[in-house]
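S.K.: First to last, the sequence lines map onto chains H and R. Per UniProt numbering, the first sequence starts with residue 1, numbered consecutively. Per UniProt numbering, the second sequence starts with residue 1, numbered consecutively. What follows is a structure written as structure tokens; I'll ask about it next.
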Amino acid sequence: MTAFIEAAGLVKRFGRVSALTGLDLHVEEGTVSGLLGPNGAGKTTAVRVLGTLVAPDAGTATVGGYDIVRQSGQVRQLLGLSGQYAAVDAHLTGRENLELFAQLHRYRKRAAVRRADELIDRFDLGGFVNRLTRTYSGGMRRRLDLAVCLIARPKLIALDEPTTGLDPRSRYTLWETIDELVGQGTTVLLTTQYLEEADRLADQIVVIDGGRAIATGTSDELKADVIGERLQVVAADNDSLPAIEALLERIAGTTATVDPQLRSVVVPVSDGRTLLAEVTRQLVEYDIVVHELGLRRATLDDVFFALTGHRTDATVDESGDGEALAASAGTDSRGGEQV
Amino acid sequence: MTTAEVTNSVGARLAWMVRDYVLLARRYMLHARRLPAQLFFTMLQPLLFVVLFAYVFGEAIPLPGGADYTQYVMVGIFLQTIAFAGMTTGAGLADELGRGMVDRFRSLPMAPSAPLVGRAVSDVARNAFTIGLMILIGLAVGWRISSSPLPAIGGFLLLLLCSFVLSWCGMLVGLLVGNTQGAVSAGIGVVFPLVWLSNAFVPLTGMSTGMRAIASWNPVSSFNVAIRELLGNPNPVGADPALPMRYPIAASLLWILAVLIVSSWGAMRAYRRRTS
Ligand SMILES: Nc1ncnc2c1ncn2[C@@H]1O[C@H](COP(=O)(O)OP(=O)(O)O)[C@@H](O)[C@H]1O
Ligand SMILES: [Mg+2]
Chain H
1 MTAFIEAAGL
11 VKRFGRVSAL
21 TGLDLHVEEG
31 TVSGLLGPNG
41 AGKTTAVRVL
51 GTLVAPDAGT
61 ATVGGYDIVR
71 QSGQVRQLLG
81 LSGQYAAVDA
91 HLTGRENLEL
101 FAQLHRYRKR
111 AAVRRADELI
121 DRFDLGGFVN
131 RLTRTYSGGM
141 RRRLDLAVCL
151 IARPKLIALD
161 EPTTGLDPRS
171 RYTLWETIDE
181 LVGQGTTVLL
191 TTQYLEEADR
201 LADQIVVIDG
211 GRAIATGTSD
221 ELKADVIGER
231 LQVVAADNDS
241 LPAIEALLER
251 IAGTTATVDP
261 QLRSVVVPVS
271 DGRTLLAEVT
281 RQLVEYDIVV
291 HELGLRRATL
301 DDVFFALTGH
311 RTDATVDESG
321 DGEALAASAG
331 TDSRGGEQV
Chain R
1 MTTAEVTNSV
11 GARLAWMVRD
21 YVLLARRYML
31 HARRLPAQLF
41 FTMLQPLLFV
51 VLFAYVFGEA
61 IPLPGGADYT
71 QYVMVGIFLQ
81 TIAFAGMTTG
91 AGLADELGRG
101 MVDRFRSLPM
111 APSAPLVGRA
121 VSDVARNAFT
131 IGLMILIGLA
141 VGWRISSSPL
151 PAIGGFLLLL
161 LCSFVLSWCG
171 MLVGLLVGNT
181 QGAVSAGIGV
191 VFPLVWLSNA
201 FVPLTGMSTG
211 MRAIASWNPV
221 SSFNVAIREL
231 LGNPNPVGAD
241 PALPMRYPIA
251 ASLLWILAVL
261 IVSSWGAMRA
271 YRRRTS
């Protein structure tokens, strides 16, 4: 296995906003990497810089061994990019879109028609390919967009939030399609705001915030306290919050997070089932009334809290300076461990 | 792999570029057919103007020598129609670029200018169709082409050249403004003064001295006078006309060249600079 994408210190500014503040990225050939981050983290910019659509202000990157700035032509030939907004022509049918873009990829008319047929088969677009795309649902449009970006048989596909805004069924269909592509050896770089999506699809998860990678690893490597289980208790009243907090911290042996608004106390756990029984027993013993008690999977918010000590919404619309962000993290950042 | 081999000779690159232009021009022409309502209103507007001017304002605007106002005003309406079409194209461009299309266009191995050139070319084709319909409307209300066929054809070709240039102006406006709604308003803000401060609807002879000077140097006036001359329509420019009014065809061609260079350069630059 060799590195297909190698990026070091990518910086991109738009006016006063720093979208990337020194992004490092290493993607192995034939694997799926997921850029995980909240709105405004710099995911789209990362994909567009790697896709040669905007030039970085600093830093270097190669895709398939080609430099993204000096050899952008070669990079584009390797890459199929499906942007955050499915970019298909609304006033053409799905088939017309495929044929047009194939022709613009320099296929002759008849070859373009054949390629369109192949992709229609492969992505199962037959049911709606002759309708104008402006009548498509989000899921249909996304599948067509994916088909369009595969026309020239790219070695790498970059998918920017491919399932944002899709209903669950369309999301699963798309996941299966991505699995299939990976099975055929395509390297995939995808961005997402959903932890479960990164966990389900990606071999490597890169958590990004403020325009740089703040954690990288397989989901197992990140699991323990970052993306593992959470034990959550919702108190019946605010007065019992401190008692619950103390109880959970004692049992789990780590810092709990309290959200007074939701009256919830959350603590990361590794052996949730056993601890749950113990928590139940002690709640009864101390006669604390609760509304909810359970195990749940980590959310993006939890991941961020574990990694940075601040919540995701605090990262949006900031200058993008990581240090400043961590230092100015919200008032509820008590006790979050820094990684 | 069935893609054609990529060659780098100048001839081959030129051929690919032309093919990109044709593919995109065809695409925009398809759009026109897919948006029949838009097409209908594009047609309705000049029709309304013909009726308005021929039957309502016509009596009130005197021409020297008692010439027929309907004969005079048709060319002005032609030009206003294609000017609005050019601005509509700018709004269309702003609209399509707003939704991730720039990135898709850029990641294709096509000529970077293709989306813009394709639009301008398809506008010319679409306007040829509109002008054809307007000729019929004009003939129906008594307008006549009073020159011989060759100059008349020249007149319509000049009109189509204007259409090409005005599309580039529209795209420049659309790219500078950046969003559809703004582009529509800005387009109206450009077209109205440009057309109404010319001799499109009111002859120079009916204007005050100051207005006449402005109107004489307005490129739209040169187009009006040149095309009226080529179609044999009444064409009063008054005594001691300004330079462009004396050599309207040469002035029109120079204006077209100058505006084309500036607007296409500006539009391409704005397009390349767009970051999303
Ligand atoms: N084309 C652009 N012009 C100006 N600012 C931009 C542009 N693209 C992104 N940004 C800014 O850069 C930051 C990162 O944006 P983006 O890469 O889109 O993040 P994400 O995709 O993770 O939501 C945001 O603050 C965003 O407003
Ligand atoms: Mg994004």
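Note that CB positions come from ideal geometry on N, CA and C, so glycine has one too.
With hydrogens ignored, establish whether the beta-carbon of residue 59 of chain H is closer than 8 Å to any heavy atom of ligand 1.
M.R.: As a position in the first sequence, residue 59 of chain H is number 59, starting the count at 1. Checking every heavy atom of ligand 1 against the Cβ of residue 59 of chain H, none is found closer than 8 Å.
S.K.: So, with DSSP's three-state summary, where would you put residue 14 of chain H?
M.R.: Sequence index remark: in the first sequence, residue 14 of chain H carries index 14 (1-based). The answer is strand: DSSP assigns residue 14 of chain H an E or B state.
S.K.: Should residue 9 of chain R be labelled buried (16 or more other beta-carbon atoms within 10 Å of its own) or exposed?
M.R.: Here residue 9 of chain R corresponds to residue number 9 of the second sequence, with the count starting at 1. With fewer than 16 Cβ atoms within 10 Å of its Cβ, residue 9 of chain R is classed as exposed.
S.K.: With a cut-off of 9 Å, does the C-beta of residue 161 of chain H fall near any C-beta of chain R?
M.R.: The residue given as residue 161 of chain H occupies position 161 in the first sequence. Taking Cβ atoms only, chain R never reaches closer than 9 Å to residue 161 of chain H, which makes this a no.
S.K.: Starting from residue 67 of chain H, find everything on chain R with Cβ-Cβ shorter than 7 Å and list it in chain order.
M.R.: In the first sequence, residue 67 of chain H corresponds to position 67, counting from 1. Correct list: empty, because the minimum Cβ distance to chain R is about 17 Å.
S.K.: For chain R, find out if any of its Cβ atoms is closer than 9 Å to the Cβ of residue 87 of chain H; answer yes or no.
M.R.: Counted from its first residue, the first sequence places residue 87 of chain H at position 87. Cβ-Cβ to chain R under 9 Å: yes for residue 87 of chain H.
S.K.: Going by beta carbon distance, what residues of the same chain come within less than 7 Å of residue 6 of chain H, once the five residues before and after it are set aside?
M.R.: Residue 6 of chain H sits at position 6 when you count from the first residue of the first sequence. 26, 61, 62, listed in sequence order.
S.K.: Which residues in the same chain as residue 166 of chain H place their Cβ atom closer than 8 Å to its Cβ, once the five residues preceding and following it in sequence are excluded?
M.R.: As a working mapping, residue 166 of chain H is identified with position 166 in the first sequence. Same-chain partners within the cutoff: 138, 139, 142, 174.
S.K.: Just to confirm before moving on: does the CB-CB distance between residue 81 of chain R and residue 36 of chain R stay below 9 Å?
M.R.: Position 81 of the second sequence holds residue 81 of chain R. Position 36 of the second sequence holds residue 36 of chain R. No, the pair does not count as a contact, with Cβ atoms beyond the cut-off.
S.K.: Does the beta carbon of residue 229 of chain H come closer than 9 Å to any beta carbon on chain R?
M.R.: Within the first sequence, numbered from 1, the residue matching residue 229 of chain H stands at position 229. Taking 9 Å as the threshold, the shortest C-beta distance from residue 229 of chain H to chain R does not fall below it.
S.K.: Compute the distance between the beta-carbons of residue 227 of chain R and residue 75 of chain R, then report whether it is under 9 Å.
M.R.: As a position in the second sequence, residue 227 of chain R is number 227, starting the count at 1. As a position in the second sequence, residue 75 of chain R is number 75, starting the count at 1. Contact: yes.
S.K.: Is it right to say residue 79 of chain R is buried, meaning 16 or more other beta carbons lie within 10 angstroms of its own, or is it exposed?
M.R.: In the second sequence, residue 79 of chain R corresponds to position 79, counting from 1. By the neighbour-count criterion, in which a residue is buried when 16 or more other Cβ atoms sit within 10 angstroms of its Cβ, residue 79 of chain R is buried.
S.K.: Just to check my reading of the structure: residue 265 of chain H and residue 298 of chain H have Cβ atoms closer than 8 Å, yes? What is that Cβ distance to the nearest angstrom?
M.R.: Numbered from 1 along the first sequence, position 265 holds the residue referred to as residue 265 of chain H. Numbered from 1 along the first sequence, position 298 holds the residue referred to as residue 298 of chain H. Their Cβ separation, rounded to whole angstroms, is 15 Å, which puts residue 265 of chain H and residue 298 of chain H out of contact at 8 Å.
S.K.: So, does the CB of residue 26 of chain H fall closer than 9 Å to a CB anywhere in chain R?
M.R.: Position 26 of the first sequence holds residue 26 of chain H. Chain R, which has no Cβ nearer than 9 Å to the Cβ of residue 26 of chain H, makes this no.
S.K.: Is DSSP giving residue 280 of chain R helix, strand or coil here?
M.R.: Because chain R is modelled from 1 through 276, residue 280 of chain R falls outside the range shown and cannot be assessed.
S.K.: In this structure, how does DSSP classify residue 115 of chain R when only helix, strand and coil are distinguished?
M.R.: Indexing the second sequence from 1 puts residue 115 of chain R at position 115. Three-state result, residue 115 of chain R: helix.
S.K.: List the whole-angstrom C-beta distance separating residue 114 of chain R from residue 160 of chain R, where the pair is believed to meet the contact cut-off of C-beta under 8 Å.
M.R.: Residue 114 of chain R sits at position 114 when you count from the first residue of the second sequence. Residue 160 of chain R sits at position 160 when you count from the first residue of the second sequence. That pair is no contact at about 20 Å.
S.K.: Under a CB-based cut-off of 9 Å, is residue 52 of chain H close to chain R?
M.R.: Residue numbering aside, residue 52 of chain H sits at position 52 when the first sequence is read from its first letter. Yes, its Cβ sits closer than 9 Å to a Cβ of chain R.
S.K.: Output the distance between the C-alpha atoms of residue 44 of chain R and residue 95 of chain H, rounded to the nearest integer angstrom.
M.R.: By one-based count along the second sequence, residue 44 of chain R stands at place 44. By one-based count along the first sequence, residue 95 of chain H stands at place 95. It is roughly 32 Å from the alpha-carbon of residue 44 of chain R to the alpha-carbon of residue 95 of chain H.
S.K.: Shorter than 8 Å, the distance from the beta carbon of residue 8 of chain R to the closest heavy atom of ligand 2, or not?
M.R.: Along the second sequence, read from residue 1 onward, the residue named residue 8 of chain R stands at position 8. No, Cβ of residue 8 of chain R sits at least 8 Å from all heavy atoms of ligand 2.
S.K.: On the three-state DSSP scale, how would you describe residue 215 of chain H?
M.R.: Taking the first residue of the first sequence as position 1, residue 215 of chain H is located at position 215. The answer is strand: DSSP assigns residue 215 of chain H an E or B state.
S.K.: What residues of chain H sit near residue 34 of chain R, judged by a beta carbon separation below 7 Å?
M.R.: Residue numbering aside, residue 34 of chain R sits at position 34 when the second sequence is read from its first letter. Correct list: 91, 132.
S.K.: Just checking residue 41 of chain H against ligand 1 - is the residue's beta carbon closer than 8 Å to any of the ligand's heavy atoms?
M.R.: One-based indexing of the first sequence puts residue 41 of chain H at position 41. Yes - ligand 1 has a heavy atom lying nearer than 8 Å to the Cβ of residue 41 of chain H.
S.K.: Identify each residue in the segment 122–139 of chain R for which the Cβ-Cβ distance to at least one residue of chain C is less than 8 Å, and report them in chain order.
M.R.: Annotation note: the requested chain C is absent from the structure, which comprises protein chains H and R.
S.K.: What distance in whole Å lies between the Cβ atoms of residue 81 of chain H and residue 107 of chain R, which are believed to be in contact at a cut-off of 8 Å?
M.R.: Translated into the one-based positions of the second sequence, residue 107 of chain R becomes position 107. Translated into the one-based positions of the first sequence, residue 81 of chain H becomes position 81. Yes, they are in contact, since the Cβ atoms of residue 107 of chain R and residue 81 of chain H sit about 5 Å apart, within 8 Å.
S.K.: Can the beta-carbon of residue 122 of chain R be found less than 9 Å from the beta-carbon of residue 267 of chain R?
M.R.: Counted from its first residue, the second sequence places residue 122 of chain R at position 122. Counted from its first residue, the second sequence places residue 267 of chain R at position 267. Not closer than 9 Å, so no.
S.K.: Who are residue 289 of chain H's beta bridge partners in DSSP?
M.R.: The sequence position of residue 289 of chain H within the first sequence is 289, counting from 1. None, per the DSSP bridge assignment.
S.K.: So, is the C-beta of residue 100 of chain R closer than 9 Å to a C-beta in chain H?
M.R.: Within the second sequence, the letter at position 100 stands for residue 100 of chain R. Closer than 9 Å to some Cβ of chain H, the Cβ of residue 100 of chain R qualifies, so yes.
S.K.: Secondary structure at residue 28 of chain H, three-state DSSP: helix, strand or coil?
M.R.: In the first sequence, residue 28 of chain H corresponds to position 28, counting from 1. If DSSP states are grouped into helix, strand and coil, residue 28 of chain H belongs with the strands.
S.K.: What residues in the segment 242–258 of chain R have a beta carbon less than 8 Å from any beta carbon of chain H?
M.R.: none
S.K.: Considering only the alpha carbon of each residue, which of R:264, R:60, R:273, R:20 lies closest to residue 171 of chain R?
M.R.: Working through the second sequence from its first residue, we reach residue 171 of chain R at position 171. When the alpha-carbon of residue 171 of chain R is set against those of R:264, R:60, R:273, R:20, the nearest one is in R:264.
S.K.: At 9 Å on the CB atoms, spell out the chain R contacts of residue 101 of chain H, in chain order.
M.R.: For the purposes of this step, residue 101 of chain H is identified with residue 101 of the first sequence, where counting begins at 1. Within 9 Å Cβ-Cβ: 104, 108.
S.K.: What residue ranges within the segment 241–306 of chain H form continuous beta strand (DSSP E) runs of no fewer than 3 residues, ordered along the chain?
M.R.: If we require 3 residues or more, the beta strand (DSSP E) runs fully inside the segment 241–306 of chain H come out as 257–259, 264–269, 290–297.
S.K.: Relative to the alpha-carbon of residue 203 of chain R, which residue among R:94, R:187, R:63 has its alpha-carbon at the smallest distance?
M.R.: The count along the second sequence starts at 1 and reaches residue 203 of chain R at position 203. Residue 203 of chain R has its Cα closest to that of R:63, out of R:94, R:187, R:63.
S.K.: Using the C-alpha atoms, what's the distance from residue 49 of chain H back to residue 87 of chain R?
M.R.: Looking up residue 87 of chain R in the second sequence gives position 87. Looking up residue 49 of chain H in the first sequence gives position 49. Rounded to the nearest angstrom, the two C-alpha atoms are 33 Å apart.
S.K.: Within 8 Å: the Cβ of residue 161 of chain H and any heavy atom of ligand 2?
M.R.: Along the first sequence, one-based indexing puts residue 161 of chain H at 161. Because some heavy atom of ligand 2 lies under 8 Å away, the Cβ of residue 161 of chain H counts as near it: yes.
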